[in-house]
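S.K.:
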Amino acid sequence: MAEPVINPQLSADGELHHLLSLDGLPRGIIDRILSTADSFISVGSREVKSVPLLRGRSVFNLFFENSTRTRTTFEIAAKRLSADVFNLNIAASSAAKGESLLDTINNLTAMQADLFVVRHAQSGAPHLIAGHVAPHVHVINAGDGRHAHPTQGLLDMYTIRHYKRDFSALSVAVVGDILHSRVARSDLHALRTLGVPDVRAVGPLTLLPDGLESLGVRVCTSLAEGIRDADVVIMLRLQSERMGGALLPSAQEYFRKYGLTPEMLRAAKPDCIVMHPGPMNRGVEIDSRVADGANSVILPQVTFGIAVRMAVLSIAASSAGAR
Amino acid sequence: MRISIEGGRLVDPASGSDRNANLYLADGRIAGVGAPPAGFVAERRIDASGLVVAPGLIDLCARMREPGTDGALRIEMRAALAGGVTGLVCPPDTHPALDEPGLVRMLRQRSREAAGARLYPLGALTAQLRGESLAEMCTLAEVGCVAFAQTGALPDNRGALLNAMRYARTFDLPVWLRPVDATLAAAGVAGEGAVAGRLGLPAVPVVAETVALHTIFELQRATGRTPVQVHLCRVSSAAGIELIRAARREGLPVSADVAILNVVGIDADVGRFDSNWRLDPPLRTERDRAAIRAALADGTLDAVCSDHAPMSQEEKLLPFGEASAGATGLETLLALLLGWATADRVPMLRALAALTQGPARVLGEDTGTLLAGRKADLVVFDPAETWRVAADSLLSSGKNTPLLGQLLTGRVRATIVGGEVRFDRGGMLRPA
Numbered sequence: 116m117a118e119p120v121i122n123p124q125l126s127a128d129g130e131l132h133h134l135l136s137l138d139g140l141p142r143g144i145i146d147r148i149l150s151t152a153d154s155f156i157s158v159g160s161r162e163v164k165s166v167p168l169l170r171g172r173s174v175f176n177l178f179f180e181n182s183t184r185t186r187t188t189f190e191i192a193a194k195r196l197s198a199d200v201f202n203l204n205i206a207a208s209s210a211a212k213g214e215s216l217l218d219t220i221n222n223l224t225a226m227q228a229d230l231f232v233v234r235h236a237q238s239g240a241p242h243l244i245a246g247h248v249a250p251h252v253h254v255i256n257a258g259d260g261r262h263a264h265p266t267q268g269l270l271d272m273y274t275i276r277h278y279k280r281d282f283s284a285l286s287v288a289v290v291g292d293i294l295h296s297r298v299a300r301s302d303l304h305a306l307r308t309l310g311v312p313d314v315r316a317v318g319p320l321t322l323l324p325d326g327l328e329s330l331g332v333r334v335c336t337s338l339a340e341g342i343r344d345a346d347v348v349i350m351l352r353l354q355s356e357r358m359g360g361a362l363l364p365s366a367q368e369y370f371r372k373y374g375l376t377p378e379m380l381r382a383a384k385p386d387c388i389v390m391h392p393g394p395m396n397r398g399v400e401i402d403s404r405v406a407d408g409a410n411s412v413i414l415p416q417v418t419f420g421i422a423v424r425m426a427v428l429s430i431a432a433s434s435a436g437a438r
Numbered sequence: 022m023r024i025s026i027e028g029g030r031l032v033d034p035a036s037g038s039d040r041n042a043n044l045y046l047a048d049g050r051i052a053g054v055g056a057p058p059a060g061f062v063a064e065r066r067i068d069a070s071g072l073v074v075a076p077g078l079i080d081l082c083a084r085m086r087e088p089g090t091d092g093a094l095r096i097e098m099r100a101a102l103a104g105g106v107t108g109l110v111c112p113p114d115t116h117p118a119l120d121e122p123g124l125v126r127m128l129r130q131r132s133r134e135a136a137g138a139r140l141y142p143l144g145a146l147t148a149q150l151r152g153e154s155l156a157e158m159c160t161l162a163e164v165g166c167v168a169f170a171q172t173g174a175l176p177d178n179r180g181a182l183l184n185a186m187r188y189a190r191t192f193d194l195p196v197w198l199r200p201v202d203a204t205l206a207a208a209g210v211a212g213e214g215a216v217a218g219r220l221g222l223p224a225v226p227v228v229a230e231t232v233a234l235h236t237i238f239e240l241q242r243a244t245g246r247t248p249v250q251v252h253l254c255r256v257s258s259a260a261g262i263e264l265i266r267a268a269r270r271e272g273l274p275v276s277a278d279v280a281i282l283n284v285v286g287i288d289a290d291v292g293r294f295d296s297n298w299r300l301d302p303p304l305r306t307e308r309d310r311a312a313i314r315a316a317l318a319d320g321t322l323d324a325v326c327s328d329h330a331p332m333s334q335e336e337k338l339l340p341f342g343e344a345s346a347g348a349t350g351l352e353t354l355l356a357l358l359l360g361w362a363t364a365d366r367v368p369m370l371r372a373l374a375a376l377t378q379g380p381a382r383v384l385g386e387d388t389g390t391l392l393a394g395r396k397a398d399l400v401v402f403d404p405a406e407t408w409r410v411a412a413d414s415l416l417s418s419g420k421n422t423p424l425l426g427q428l429l430t431g432r433v434r435a436t437i438v439g440g441e442v443r444f445d446r447g448g449m450l451r452p453a
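Each protein sequence line maps, in turn, to chains A and B. Just so we're aligned: the first sequence equals residues 116 to 438 in this note's numbering. Just so we're aligned: the second sequence equals residues 22 to 453 in this note's numbering.
So this is what it looks like as structure tokens:
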């Protein structure tokens with residue numbers, strides 16, 4: 116019954132039009148985003164921290180779910196591209212008045228929006244929006260439910276490439292609450308597309324989703340086994356609502372079994388890099404000595420994140436055509 | 022009105038007959054098959070050459086949105102007739118719920134006025150469907166409720182559920198249940214598996230169905246040496262079907278149906294979050310669909326239902342997890358069933374049993390067959406006509422179907438209820 120699934124992110128000529136998910140995003144586009152990000156890295160260290168690529172364009176940050184960090188980095192990225200940036204905290208405005216998601220989008224489109232950066236608690240919400248905006252409008256997913264956080268996935272790949280150069284011989288472990296993590300899903304898709312041969316998902320059975328094997332991922336329930344000889348360890352944030360419920364008994368016990376300590380990290384390769392999408396729960400998923408230690412690249416991730424988001428915004432905005 | 026239906030292919034699963042023959046209707050009943058009764062003079066005739074003449078379809082689950090939306094029933098009844106449906110069961114999850122006789126009387130009155138399909142209301146098993154106290158089942162049965170249902174997941178109060186089943190057993194009233202354990206289904210919106218995992222959609226695990234089935238069968242056994250008759254609504258998994266087979270072997274009085282979209286679709290169809298595929302039960306894996314199809318073909322599943330749930334755009338044009346579950350389905354039911362039969366090489370006689378003989382047996386009705394002397398409820402359809410599903414050609418108020426834009430094969434030409442042609446596509450009924 117399934118119609119052939121077209122990739123709703125690409126324009127008719129195969130260019131990036133929306134960025135909704137890394138699932139099915141061709142390697143060529145990922146490579147182009149990463150190399151474009153390279154060229155933006157230096158912009159942040161210049162005296163004049165902007166380039167005129169998006170001058171006159173309007174970027175709307177639509178955050179149906181709160182996020183200071185992601186919203187701020189998108190805002191910085193758009194401003195460094197000289198765009199006009201508007202932050203809308205929808206959680207506190209229209210949605211509360213009962214206006215439907217698509218009505219909100221239509222209203223903002225009428226205000227001449229060119230790009231929407233969307234964060235929503237429901238998986239798939241950016242797909243719905245992308246399916247209903249005017250043909251010239253671009254939608255960038257800034258995190259939807261448990262589904263995808265593609266710019267985080269891309270900045271994670273940028274970070275790995277920066278430190279490890281080549282993806283083709285790496286062992287990468289993603290550790291923690293995979294079930295509820297959009298970051299994990301985006302990372303796993305990108306790692307596969309980029310040809311990483313050994314990808315492991317590590318966590319208790321209550322926090323591992325179905326179908327990891329179909330993504331070419333090895334499932335490990337033991338942290339020591341999961342990070343053994345790893346080149347890259349990506350720690351996931353454990354949301355506070357997961358602790359002390361029916362999924363995990365307590366933060367303390369979680370830390371004892373899955374918290375990354377310096378002792379535990381010895382199982383990985385000596386030059387292993389440790390990543391975290393932030394914000395961190397020190398003492399829950401990661402020990403401060405690791406978070407601030409020599410293997411940690413958590414702060415460079417944030418810097419790279421701005422360059423990667425500049426790359427995504429500029430590439431999507433340059434895609435001319437409607438789908 | 023005396024009508025002769027000439028030159029058609031008569032497909033009647035109940036009598037095991039698939040042959041070309043004429044059919045003669047008089048006084049609301051089937052007066053003759055093959056040869057006219059003595060002295061029969063037709064007033065009208067239908068030329069059914071090249072067409073199939075079958076018992077009218079009986080749909081075990083179609084929501085008319087009444088009580089709740091005034092005038093909705095009349096519209097949905099037209100959709101039913103256009104779909105070849107001559108009898109339909111309305112679940113009691115209306116607003117308010119069908120738990121008092123006045124509401125049932127009103128519903129039946131409106132149904133008579135609408136002159137659509139026959140209406141078989143289900144009464145609420147528990148007051149307001151809350152699963153806490155018993156509804157007035159005997160009184161509701163007296164005003165026309167054919168069985169008693171709990172429409173959502175099984176109530177948490179299993180003591181109340183057992184009592185309701187025992188009370189129903191006392192008066193030989195059938196109980197219809199959905200095999201869903203509420204705490205296991207939790208907030209799931211998609212079938213468990215790799216697709217839900219990948220899309221990041223909360224899943225309804227298969228164990229929510231199997232645990233509920235074990236519970237239902239155990240409670241059923243506890244209703245006595247001759248247990249209450251239970252009908253299981255909308256089974257969705259291969260494991261669930263296996264449990265039903267085992268219960269049947271044991272001799273438990275159990276029947277079961279499946280929603281047509283679970284016969285047609287699989288979890289991968291959800292694709293890119295198309296909320297028209299947001300259904301309850303959710304679509305499951307290829308393996309589950311294969312088990313459902315096999316169980317339909319071998320009769321483990323008694324019936325297919327449309328699970329008709331017409332909805333407004335506002336209820337559907339939402340992120341997948343926020344969209345209401347359900348699809349409009351009366352008008353695509355027959356074509357989808359025929360599509361399955363063609364794809365799986367199931368003889369039409371066998372396939373149509375799931376919409377005629379099977380559901381009639383579940384209801385204890387003597388319709389669902391073309392035997393002489395029975396009520397003249399029938400459908401005439403073109404098994405080869407292809408048509409495209411389009412919002413503006415659906416008569417239902419709901420345009421919420423994942424089939425929009427698709428080509429289907431098999432289209433109803435005329436629907437006859439009690440000997441009266443109530444739907445006629447393209448002037449089938451002619452002077453004799």
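No residue lacks a Cβ here, since even glycine has one placed at the ideal position from N, Cα and C.
Tell me where the beta strand (DSSP E) around Q108 of chain B begins and ends.
M.R.: Taking the first residue of the second sequence as position 1, residue 108 of chain B is located at position 87. As written in the sequence, residue 108 of chain B is Gly, which differs from the Gln given in the question. Its beta strand (DSSP E) spans residues V106 to C111.
S.K.: Are there 16 or more other CB atoms within 10 angstroms of the CB of A453 of chain B, so buried, or fewer, so exposed?
M.R.: If you number the second sequence from 1, residue 453 of chain B lands on position 432. With fewer than 16 Cβ atoms within 10 Å of its Cβ, A453 of chain B is classed as exposed.
S.K.: With burial defined as no fewer than 16 other Cβ atoms inside 10 Å of the residue's Cβ, what is the status of V442 of chain B: buried or exposed?
M.R.: Walking along the second sequence from the start, residue 442 of chain B turns up at place 421. By the 10 Å Cβ count, V442 of chain B comes out buried.
S.K.: Output the boundary residues of the alpha helix (DSSP H) element that contains A426 of chain A.
M.R.: Counting from one through the first sequence, the residue named residue 426 of chain A turns up at place 311. Segment I413 to S433, the alpha helix (DSSP H) holding A426 of chain A.
S.K.: Please check the pair H133 of chain A and A426 of chain A, which I expect to be a contact at CB under 8 Å, by giving their CB distance rounded to whole angstroms.
M.R.: Within the first sequence, numbered from 1, the residue matching residue 133 of chain A stands at position 18. Within the first sequence, numbered from 1, the residue matching residue 426 of chain A stands at position 311. No, H133 of chain A and A426 of chain A are not in contact; Cβ-Cβ is about 15 Å, not under 8 Å.
S.K.: Roughly how many whole angstroms lie between the Cα atoms of S132 of chain B and V106 of chain B?
M.R.: Taking the second sequence and counting its residues from 1, the one referred to as residue 132 of chain B is at position 111. Taking the second sequence and counting its residues from 1, the one referred to as residue 106 of chain B is at position 85. Answer to the nearest angstrom: the Cα atoms are 14 Å apart.
S.K.: Report the residue ranges of all beta strand (DSSP E) runs contained in full by the region 319-381 of chain A; include only those spanning at least 3 residues, in chain order.
M.R.: For the region 319-381 of chain A, whole beta strand (DSSP E) runs of length 3 or above, ordered along the chain, are 333-335 and 347-350.
S.K.: Under 8 Å, CB to CB, which of the residues in the region 212-238 of chain B have a partner in chain A?
M.R.: Cβ contacts with chain A come from E213, G214, A215, V216, A217, G218, R219, L220, G221, L222, P223 and A224.
S.K.: Specify whether the region 218-229 of chain B and the region 355-368 of chain B touch according to this definition: at least 3 beta carbon pairs, one from each stretch, less than 8 Å apart.
M.R.: Contact fails: fewer than three Cβ-Cβ distances are below 8 Å.
S.K.: Of the choices B:L72, B:Q334 and B:L46, whose alpha-carbon is the least far from that of G60 of chain B?
M.R.: Translated into positions along the second sequence, residue 60 of chain B becomes position 39. Comparing Cα-Cα distances from G60 of chain B to each of B:L72, B:Q334 and B:L46, the minimum goes to B:L46.
S.K.: Could you work out which residue in B:A148, B:D295 and B:P58 is closest to S25 of chain B when comparing CA atoms only?
M.R.: The count along the second sequence starts at 1 and reaches residue 25 of chain B at position 4. For the residues B:A148, B:D295 and B:P58, the minimum Cα distance to S25 of chain B belongs to B:P58.
S.K.: Going by CA-CA distance only, name the one from B:T236, B:A42, B:V74 and B:A206 that's closest to M449 of chain B.
M.R.: Along the second sequence, one-based indexing puts residue 449 of chain B at 428. The residue with the shortest Cα to Cα distance from M449 of chain B is B:V74.
S.K.: Taking only three categories from DSSP, how would you classify H253 of chain A?
M.R.: As a working note, residue 253 of chain A is residue 138 in the first sequence. DSSP places H253 of chain A in strand when its eight states are reduced to three.
S.K.: Among B:A364, B:F169 and B:S417, whose alpha-carbon lies nearest the alpha-carbon of T430 of chain B?
M.R.: Position 409 of the second sequence, counted from the first residue, corresponds to residue 430 of chain B. Out of B:A364, B:F169 and B:S417, B:A364 has the C-alpha closest to the C-alpha of T430 of chain B.
S.K.: State the CB to CB distance for the pair V174 of chain A and V200 of chain A, rounded to an integer number of angstroms; the pair is presumed to be in contact (CB under 8 Å).
M.R.: Residue 174 of chain A sits at position 59 when you count from the first residue of the first sequence. Residue 200 of chain A sits at position 85 when you count from the first residue of the first sequence. Yes, V174 of chain A and V200 of chain A are in contact; Cβ-Cβ is about 5 Å, under 8 Å.
S.K.: Quick one: does L243 of chain A have its CB under 8 Å from some CB of chain B?
M.R.: Walking along the first sequence from the start, residue 243 of chain A turns up at place 128. Yes, its Cβ sits closer than 8 Å to a Cβ of chain B.
S.K.: From this set, A:S329, A:H295, A:L303 and A:R307, which residue's C-alpha is nearest L320 of chain A's C-alpha?
M.R.: For the purposes of this step, residue 320 of chain A is taken as residue 205 along the first sequence, with counting starting at 1. For L320 of chain A, the nearest C-alpha among the options comes from A:H295.
S.K.: Where R424 of chain A and A152 of chain A are concerned, what is the direct C-alpha to C-alpha distance, given to the nearest angstrom?
M.R.: As a working mapping, residue 424 of chain A is identified with position 309 in the first sequence. As a working mapping, residue 152 of chain A is identified with position 37 in the first sequence. If you take the alpha carbons of R424 of chain A and A152 of chain A, they lie about 8 Å apart.
S.K.: Closer than 7 Å, Cβ to Cβ, to anything on chain B: give me those residues from the region 230-257 of chain A, in chain order.
M.R.: From the region 230-257 of chain A, only H235, Q237, S238, G239, A240, H242 and L243 have a Cβ closer than 7 Å to chain B.
S.K.: Nearest CA to the CA of L44 of chain B: which residue from B:G394, B:R446 and B:V410?
M.R.: Numbered from 1 along the second sequence, position 23 holds the residue referred to as residue 44 of chain B. With distances taken between Cα atoms, L44 of chain B lies closest to B:G394.
S.K.: Quick one, which of B:A136, B:G108 and B:E157 has its alpha-carbon nearest L124 of chain B's?
M.R.: Counted from its first residue, the second sequence places residue 124 of chain B at position 103. Closest by alpha carbon: B:E157.
S.K.: With a 10 Å radius around its C-beta and 16 neighbouring C-beta atoms as the bar for buried, classify A437 of chain A as buried or exposed.
M.R.: The residue given as residue 437 of chain A occupies position 322 in the first sequence. At A437 of chain A, the pLDDT of 45 sits below 50, so the modelled position is not reliable and the matter cannot be decided from this model.
S.K.: Whole angstroms are fine: how far does the CA of M358 of chain A sit from the CA of S365 of chain A?
M.R.: Counting from 1 along the first sequence, the entry for residue 365 of chain A is found at position 250. Counting from 1 along the first sequence, the entry for residue 358 of chain A is found at position 243. Roughly 5 Å between the two C-alpha positions.
S.K.: Taking all protein chains shown into account, do 16 or more other C-beta atoms lie within 10 angstroms of the C-beta of E461 of chain B, making it buried, or fewer, making it exposed?
M.R.: Beyond the ends of chain B as shown, which are 22 and 453, falls residue 461 of chain B; an answer cannot be given.
S.K.: Hey, would you say P176 of chain B sits closer than 8 Å to L183 of chain B, going by beta carbons?
M.R.: If you number the second sequence from 1, residue 176 of chain B lands on position 155. If you number the second sequence from 1, residue 183 of chain B lands on position 162. Against a cut-off of 8 Å, the Cβ pair of L183 of chain B and P176 of chain B comes out as no contact.
S.K.: What does P324 of chain A touch in chain C if you count any residue whose Cβ is under 7 Å from its own?
M.R.: Any reference to chain C falls outside this structure, whose protein chains are A and B.
S.K.: Look at the alpha carbon of A136 of chain B and the alpha carbon of M98 of chain B, and state the distance between them as a whole number of angstroms.
M.R.: Start at 1 with the first residue of the second sequence, and residue 136 of chain B comes out as number 115. Start at 1 with the first residue of the second sequence, and residue 98 of chain B comes out as number 77. If I take the Cα positions, the gap works out to 8 Å.
S.K.: So within the region 138-174 of chain A, which uninterrupted alpha helix (DSSP H) runs reach at least 4 residues, ignoring any that extend past its ends?
M.R.: Listed in chain order, they are 142-156.
S.K.: Suppose you measure from the CA of I237 of chain B to the CA of P200 of chain B; what does that come to, to the nearest Å?
M.R.: Against the second sequence, residue 237 of chain B aligns to sequence position 216. Against the second sequence, residue 200 of chain B aligns to sequence position 179. Roughly 8 Å separates the two Cα atoms.
S.K.: Taking all protein chains shown into account, do 16 or more other C-beta atoms lie within 10 angstroms of the C-beta of G239 of chain A, making it buried, or fewer, making it exposed?
M.R.: Here residue 239 of chain A refers to the residue found at position 124 when the first sequence is read from its first residue. Per the 10 Å Cβ criterion, buried.
S.K.: Note down the Cα distance separating L78 of chain B from L140 of chain B, rounded to an integer number of angstroms.
M.R.: Counting from one through the second sequence, the residue named residue 78 of chain B turns up at place 57. Counting from one through the second sequence, the residue named residue 140 of chain B turns up at place 119. Roughly 12 Å separates the two Cα atoms.
S.K.: Measure the C-alpha to C-alpha separation of H262 of chain A and S296 of chain B and round it to an integer number of angstroms.
M.R.: Here the question's residue 262 of chain A lines up with position 147 in the first sequence. Here the question's residue 296 of chain B lines up with position 275 in the second sequence. Taking the straight line joining both Cα atoms gives about 15 Å.
S.K.: Go ahead and label E134 of chain B buried or exposed: buried means 16 or more other beta carbons lie within 10 angstroms of its beta carbon, across all protein chains shown.
M.R.: Position 113 of the second sequence, counting from 1, holds the residue named residue 134 of chain B. Exposed is the call here.
S.K.: Does any C-beta atom of chain B lie closer than 8 Å to the C-beta of D138 of chain A?
M.R.: Here the question's residue 138 of chain A lines up with position 23 in the first sequence. Cβ-Cβ to chain B under 8 Å: yes for D138 of chain A.
S.K.: Taking the alpha helix (DSSP H) that P76 of chain B falls in, what are its first and last residues?
M.R.: The count along the second sequence starts at 1 and reaches residue 76 of chain B at position 55. Careful: P76 of chain B lies outside any alpha helix (DSSP H), inside the beta strand (DSSP E) at V73 to P76.
S.K.: Out of A:T187, A:N122 and A:G171, point me to the one whose CA is closest to T418 of chain A's CA.
M.R.: In the first sequence, residue 418 of chain A corresponds to position 303, counting from 1. For the residues A:T187, A:N122 and A:G171, the minimum Cα distance to T418 of chain A belongs to A:T187.
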